[in-house]
Amino acid sequence: MKIGMLVTGGMDSTALLYEAIAKGHTVYPITVDYGHSAFAKQEELVLWHIEKLKQGSHRIKPLKVINLTFHNFQRYSPALFDLNYKCDEKDPLNEYDEIRYKKSLVEGRNAIMVLYAMGFCASLELEELWAGYLYAKEEWEKRLTVKLLTGDNSPQFVDTMNILSLMGFSHSVRFRAPFYERRLSKADVFDTIGRECDIDYSKTHSCYFPIPCHKCDNCLLRDEIFLED
Ligand SMILES: [Zn+2]
24 MKIGMLVTGG
34 MDSTALLYEA
44 IAKGHTVYPI
54 TVDYGHSAFA
64 KQEELVLWHI
74 EKLKQGSHRI
84 KPLKVINLTF
94 HNFQRYSPAL
104 FDLNYKCDEK
114 DPLNEYDEIR
124 YKKSLVEGRN
134 AIMVLYAMGF
144 CASLELEELW
154 AGYLYAKEEW
164 EKRLTVKLLT
174 GDNSPQFVDT
184 MNILSLMGFS
194 HSVRFRAPFY
204 ERRLSKADVF
214 DTIGRECDID
224 YSKTHSCYFP
234 IPCHKCDNCL
244 LRDEIFLED
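Numbering (the working numbering), first residue to last: 24 to 252.
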């Protein structure tokens, strides 16, 4: 099958990339530069894995970089766009004032990125577009208190994107989150897929910021996995 894949250089989308190639799919990796300071690091790592996969497979296509200018109109998020941002708060993404995760909130980010990527996939008449969204049990048991500020990696989000895919495009691309469908957590992705596909996770970057802060939710999840291993 020909699939587009949203990749960020993080553990989850990297694992999905390796697994898709191992299963014999033809993959068109897509990454989005929305002006965030961590992009250069992310792109470098994505390209490293693509080069590695190319040595064993002709099914991995060149990286498509989509440029978006979210930073032109955001209320918040200066941290994500500021190369010189120093993360000195206890938890930079968890301020319990007017809005949570203010320093990482980019309005419309996932929805717009997915639709843009869908347009790219439709132009190539690809069958599916995949994202590495994970299943997090606690988010669904306490969904109003844990995260899900925008719900933009939820099953409902995936369904809604699929409805949009049926309209506005001449070719409908099915949007899927295979890890979520299989209820795989970050630990599952690390253990199972990492070992099966021999993935070098040291060549991944999870933090919202260019230098891992070890304070944000992405860092904490990642650090937990590496400490347990
Ligand atoms: Zn971090």
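A virtual CB, placed ideally from N, CA and C, is assigned to each residue, including glycine.
query	result
Under the three-state reduction of DSSP, which class applies to I234: helix, strand or coil?	coil
Identify whether Y139 lies in helix, strand or coil by the three-state DSSP scheme.	helix
For the region 72-80 and the region 201-217, state whether three or more C-beta atom pairs, one from each stretch, are separated by less than 8 Å.	no
Can you tell me which of the three DSSP states V293 falls into?	The shown model of the chain, from 24 to 252, leaves out residue 293, and the question about it has no answer.
Residues in its own chain within less than 8 Å of L106 by CB, not counting five upstream and five downstream?	S60, P233
Give me the Cβ distance between V212 and L157, rounded to the nearest whole Å; I'm assuming they're in contact under 8 Å.	7 Å
I need the boundaries of the beta strand (DSSP E) containing M28, first residue and last residue.	25-29
Is the closest heavy atom of ligand 1 to the C-beta of C239 under 6 Å?	yes
Identify every run of the beta strand (DSSP E) within the region 27-89, keeping only runs that are complete inside it and at least 3 residues long; order them along the chain.	49-56
What is the C-beta distance between V50 and L40, in whole angstroms, given that I count them as a contact (C-beta under 8 Å)?	6 Å
Does chain D have any CB closer than 7 Å to the CB of Y203?	The chain inventory of the structure shown lacks chain D, comprising one protein chain alone.
Express the C-alpha separation of P235 and Y119 in angstroms, rounding to a whole number.	In this prediction, Y119 scores a pLDDT of 46, lower than 50, which makes its location untrustworthy; the coordinate-derived value is nonetheless stated afterwards. Those two C-alpha atoms are separated by around 22 Å.
Taking only the alpha-carbon atoms, compute the straight-line gap between L171 and A102 and give it to the nearest angstrom.	Below a pLDDT of 50, predicted positions are generally treated as unreliable, and L171, at 48, falls in that range; the measurement from the model is reported next regardless. Going from the Cα of L171 to the Cα of A102 covers about 20 Å.
On the criterion of 16 or more Cβ atoms from any shown chain inside 10 Å, does M136 qualify as buried, or is it exposed?	buried
Measure the C-alpha to C-alpha separation of N90 and A159 and round it to an integer number of angstroms.	29 Å
Quick one: Cα of R65 to Cα of R218, how far?	In the sequence on display, residue 65 carries Gln and not Arg. Roughly 22 Å separates the two Cα atoms.
Would you call V169 buried or exposed, if buried means 16 or more other Cβ atoms sit within 10 Å of its Cβ?	Confidence at V169 is low in this model, with a pLDDT of 46, below 50, so its placement is unreliable and the value that follows should be read with caution. By the 10 Å Cβ count, V169 comes out exposed.
Is the beta carbon of I44 less than 7 Å from the beta carbon of K87?	no
Assign S193 to buried or exposed, taking buried as 16 or more other Cβ atoms, counted over all protein chains shown, within 10 Å of its Cβ.	exposed
Should F249 be labelled buried (16 or more other beta-carbon atoms within 10 Å of its own) or exposed?	exposed
On the three-state DSSP scale, how would you describe F192?	coil
Beta-carbon within less than 7 Å of F104's beta-carbon, same chain only, minus the 5 sequence neighbours each way: which residues are those?	G58, H59, S60, H94
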